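Going letter by letter, the sequence shown gives residues 4 to 393 in my numbering. From the three backbone atoms N, C-alpha and C, an ideal C-beta is built for every residue, glycine too. A quick note: this is a predicted structure, and the numbers were derived from the prediction, not measured.
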Amino acid sequence: MQFIDLAAQQRRLRQTIEANLRAVLDHGQYIMGPEVAALERRLAEFVGVRHAIGCASGTDALLMALMALGIGPGDAVFTTPFTFFATAEVIRLLGAVPVFVDIDPATQNLSAGALEEAVLALETADARRHPLPRQALSLEPRAVLTVDLFGVLADYDGVGRVAKQHGLAVVQDAAQSFGAELRGERSCRQGLVGCTSFFPAKPLGAYGDAGMCFTDDEALAADLDSIRQHGKGSHRYEHIRLGLNGRLDTLQAAVLLAKIEIFPEELELRQAAADRYQELLAPAGDAFVLPAVPADRRSAWAQYSLLAASEEARSAALAALTAATIPYAIHYPLPVHRQAALANLGYRPGDFPVAEDHARRIFSLPMHPYLRKEDQEQVAAALLGLAARE
Ligand SMILES: *Cc1c(COP(=O)(O)O)cnc(C)c1O
């Protein structure tokens, strides 16, 4: 059993992918070839926004979005500590400071209530109200970087209200939620800019690194296009700002053009696999908290993650999976505010208790569109056997 089975998908698409790659080898436009613009049009339409700007990775998508908003030293960007490191890394790379906001235990995404507290605490420099970074006194609140963890869209109604009230731009880290929905609207359009990743293991994955920014704002789209090409102006050797070499590879665009054709069906298959896990694992009762998707949302099921009752219970669950040769992963074992690379922000253990608690208890099961029922039954048997012994 594979944690993510990319080979099963490739068996379906191999011929189309090879034909698409061959077309690139024939025309030879490896940088910004026609496949890049074709993919941008296709995915802008899929998401339902006016502009899509392909780039080199999900991390670059986030970095470009913050650069386009002019985020830099002295700026505060509110974000969740329960995410992949890149979310906070890009804020810090620009010299800005991540102000962490604890998660809602039900959805594991940034809590809008806690966000409001964090903004007010920062405005009044009151660290008793909310844990603040060491640099808090000199920070200007600029943006909130939401994360759609495991494929479920964050609370954009709540976050949007707070953001509007305090003049914050909403940037969406949709690296895990491409294809997800909130009230029938697809992911990547809930903020001013939506940023996604096509890392091979994401819901829509390339065969290498790739990413994309989405926005309805035309000026912002033009800035993102400039930033991904060394801050170019009206021609290639005119540079009007500092940018990146952040372009989307033509070959990766060619792969993604093949994969997007079956992506809606794959989302259905992921949903069916998730439904099957929910059913198979229901008898575990209180031993594991199963993922709960709010009624107005559809998950892209980037991960299917359970919460064990305690850290010890998680160790026992992982041992049971190992004994049955079932692969698993932990997303994420250490919340971002506890990472050594961010030590100079001065956050302390215990600052974000919900994220820290979930990091001790969370684990992810195999999840992909081609997961077999028999394999899921085997996973459930390993975990239920454990629950029965307790
Ligand atoms: C994967 C991921 C990223 C980074 O995307 P890359 O394409 O690997 O650079 C950023 N944020 C989150 C939440 C992710 O899961």
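Buried or exposed: where does K167 fall if 16 or more other Cβ atoms within 10 Å of its Cβ makes it buried? exposed
Looking at C-alpha atoms only, which residue of A177, F88, A121 is the closest neighbour of V165? A121
With a Cβ-Cβ cutoff of 9 Å, do P206 and A303 count as a contact? yes
In the DSSP assignment, what are the bridge partners of I56? Looking at the DSSP assignment, I56 forms a beta bridge with C216.
If you draw a straight line from the C-alpha of V2 to the C-alpha of A323, how long is it? Absent from the model: residue 2. The displayed extent of the chain is 4 to 393, so no value can be given.
DSSP three-state label for S367, please. In the three-state reduction of the DSSP assignment, S367 falls in the strand class.
Residue from Q138, A157, S313 with nearest C-alpha to Y350: Q138
Could you tell me which whole alpha helix (DSSP H) segments of length 4 or greater appear in the region 320-349? For secondary structure counted as the alpha helix (DSSP H) over 4 or more consecutive residues, the region 320-349 holds no complete run.
Limits of the unbroken alpha helix (DSSP H) element including L227: 221-230
Chain-order list of residues whose beta-carbon lies under 7 Å from that of A204 (same chain, five-residue window excluded): Counting only Cβ-Cβ distances below 7 Å, and skipping sequence neighbours, we find I7.
Among T83, R131, A225, which residue has its Cα nearest to the Cα of D158? T83
I'd like to confirm something about D176: is its beta-carbon nearer than 8 Å to some heavy atom of ligand 1, or not? yes
Residues near L97 by beta carbon distance below 6 Å, same chain, minus five either side: The residues are L69, I74, G75.
Tell me the DSSP secondary structure of N248 in three-state form. strand
Which one or two residues does DSSP pair with F266 in a beta bridge? Answer is none; F266 lacks a bridge partner.
Regarding V296 and ligand 1, is the C-beta to nearest heavy atom distance less than 8 Å? no
Quick check on this structure: which residue in L345, P297, H361 has the alpha carbon closest to the alpha carbon of V155? P297
Which residue's Cα is closest to the Cα of G194: A222, L310, D176? D176
By how many angstroms is the C-alpha of Y240 removed from the C-alpha of T394? Nothing in the structure corresponds to residue 394, since the chain is present only between 4 and 393.
Quick check on S190: buried or exposed, where buried means 16 or more other Cβ atoms within 10 Å of its Cβ? buried
Give me the Cα-Cα distance between H242 and K235, rounded to the nearest whole angstrom. One C-alpha to the other measures close to 4 Å.
Those residues which DSSP pairs with I34 across a bridge: D252
Cα separation between A320 and G36? 48 Å
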